[in-house]
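Single-structure report; data block below.
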Amino acid sequence: MKKTWLCCLSLAATAGVLLLPAAHATERLCEDKATVLRQQLEYAQAHDNQHRVRGLQRALQSIEENCTNEQVITEAAEEVRESQEEVRERELALEEALREGDEDDIQKRREKLAEEVRELEEHTQELNLLQQRINE
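Here the sequence shown stands for residues -25 to -1, 1 to 111, where the numbers follow mature numbering (1 follows the signal peptide of the UniProt record, and there is no 0).
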């Protein structure tokens, strides 16, 4: 949501106006996470899953008290890094299978590599969407 500010009376007012959208942006990703948790909480309550309800309530409280955009972005970036490591490991495993020449093993490792590449693409896309969301 973009706001247009028509006038500024002083430097302090200007600083305050400029910080307001930044403060809103700071909450944006955390509010998105909280919204998803609230939906899951409603579902768990509707299905009388008390164990899940308690866990979701704790997670929601943690987000409301501690969440920052930087934290959300950092977590998403870490998922990308972990996926990159998994892809590298799967590539090495495939290279080893290719050297050994076992066709069944080669096929299995190709499938596992393809799965890890898909996960890496998903994590990268999620990180990009989060970064775009901050800039809205």
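Glycine residues also receive a C-beta, built at the ideal position from the N, C-alpha and C atoms.
Can you tell me whether residue i is buried or exposed? The criterion is at least 16 other CB atoms within 10 Å of its CB, across all chains shown.
i       : result
HIS(-2) : The predicted position of HIS(-2) is uncertain, since its pLDDT is 46 and thus under 50; a value taken from the coordinates is nonetheless stated next. Looking at its Cβ environment, which holds fewer than 16 other Cβ atoms inside 10 Å, HIS(-2) is exposed.
HIS98   : buried
ARG33   : exposed
ARG84   : buried
LEU12   : buried
Could you say which of the options lies nearest to residue i if we only look at CA atoms?
i     : options                         : result
LEU88 : LEU35, LEU4 and ALA68           : ALA68
GLU86 : GLU66, LEU12, ASN110 and GLN36  : GLU66
LEU35 : GLU54, ASN24, ALA9 and ASN103   : ALA9
VAL92 : ARG63, ILE48, ASP23 and GLU71   : ARG63
ALA52 : LYS83, ASN110, LEU102 and ASP23 : LEU102
Mind checking which residues open and close the alpha helix (DSSP H) that includes residue i?
i     : result
GLY30 : 25 to 41
HIS98 : 78 to 110
- [ ] May I ask you to verify whether the region 16 to 31 touches the region 42 to 58, counting CB pairs closer than 8 Å and requiring at least 3?
- [x] no
Task: At least three beta-carbon pairs within less than 8 Å, the region 33 to 44 to the region 1 to 13 - done: yes
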